[in-house]
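The structure under discussion appears below in the form of structure tokens.
Numbering (my numbering), first residue to last: 1 to 185.
What follows is the structure, encoded as structure tokens:
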């Protein structure tokens with residue numbers, strides 16, 4: 001099922017996600033629906049907070065970069081069973097924690113919750129993240145490049161942080177004004 005996505009400046013996007021204690025059928029369905037939603041919306045990542053489910057669940061599916069450690073990860077770790085094919089590389093992160101990060105990289109980001117807006121954000125270009133997969137198995141992933149950026153972006157959602165929070169106050173004010181104007185129309 002394709003889930004409705006909360007749009008900025010909806011206050012529910014600022015809710016801190018709760019730890020998932022049990023990976024049951026409800027969580028499995030949420031994960032499946034989140035993957036369906038990113039495929040339908042042509043996205044690469046989604047946090048449960050964005051679909052008004054305030055749980056520490058993130059799904060990501062992006063084409064790997066040959067320089068990413070993601071390639072090695074895909075060879076050594078069973079991918080999510082959702083929509084597996086040559087084209088898709090689904091990853092599920094439950095209760096994710098960044099254990100290490102270093103380096104800096106500026107990257108243009110967008111967000112399904114902030115439609116029709118992109119901005120340059122600086123983030124770590126190498127991270128090490130630990131999480132549970134959809135089967136409840138602990139895994140550790142080292143990521144660089146776009147995958148690292150995407151993971152950090154989605155994990156921010158779990159803390160109630162949006163990529164627009166990294167922008168200057170002036171840019172945030174302009175975006176808010178533009179968004180409110182679009183909502184009225």
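Backbone N, C-alpha and C fix where the C-beta goes; we use that ideal spot for every residue, glycine too.
Residue burial classification, residue i (beta-carbon count within 10 angstroms, cutoff 16)
i: residue 42; result: exposed
i: residue 145; result: buried
i: residue 138; result: exposed
i: residue 45; result: buried
i: residue 56; result: buried
i: residue 182; result: exposed
i: residue 164; result: buried
i: residue 22; result: exposed
i: residue 19; result: exposed
i: residue 75; result: Summary for residue 75: the model assigns pLDDT 42, below 50, so the residue's position carries little reliability, and this model does not support an answer.
i: residue 108; result: exposed
The beta strand (DSSP E) enclosing residue i, as first and last residue numbers
i: residue 60; result: 57-61
Beta carbon of residue i nearer than 8 Å to that of residue j
i: residue 155; j: residue 96; result: yes
i: residue 53; j: residue 5; result: no
i: residue 25; j: residue 1; result: no
i: residue 39; j: residue 114; result: no
i: residue 171; j: residue 131; result: no
i: residue 127; j: residue 101; result: yes
i: residue 158; j: residue 58; result: yes
i: residue 62; j: residue 34; result: no
i: residue 13; j: residue 110; result: no
Delimiting residues of the alpha helix (DSSP H) encompassing residue i
i: residue 182; result: 169-184
Q: Scan the segment 82-150 and note each continuous beta strand (DSSP E) run of 3 residues or more that stays entirely inside, going in chain order.
A: Those beta strand (DSSP E) runs which fall completely within the segment 82-150 and span 3+ residues are 90-102, 105-111, 114-123, 126-132, 138-144.
Q | Any 3 or more C-beta pairs closer than 8 Å across the segment 132-142 and the segment 105-124 | A | As far as the Cβ criterion goes, the segment 132-142 does not touch the segment 105-124, which means the pair count is below three.
Q: Could you tell me whether the segment 145-156 touches the segment 175-185, where touching means 3 or more Cβ pairs closer than 8 Å?
A: No: fewer than three Cβ pairs fall under 8 Å.
**Q.** Complete runs of the beta strand (DSSP E) confined to the segment 3-58 [at least 3 residues]
**A.** Within the segment 3-58, the complete beta strand (DSSP E) segments at least 3 residues long are 45-47, listed from N- to C-terminus.
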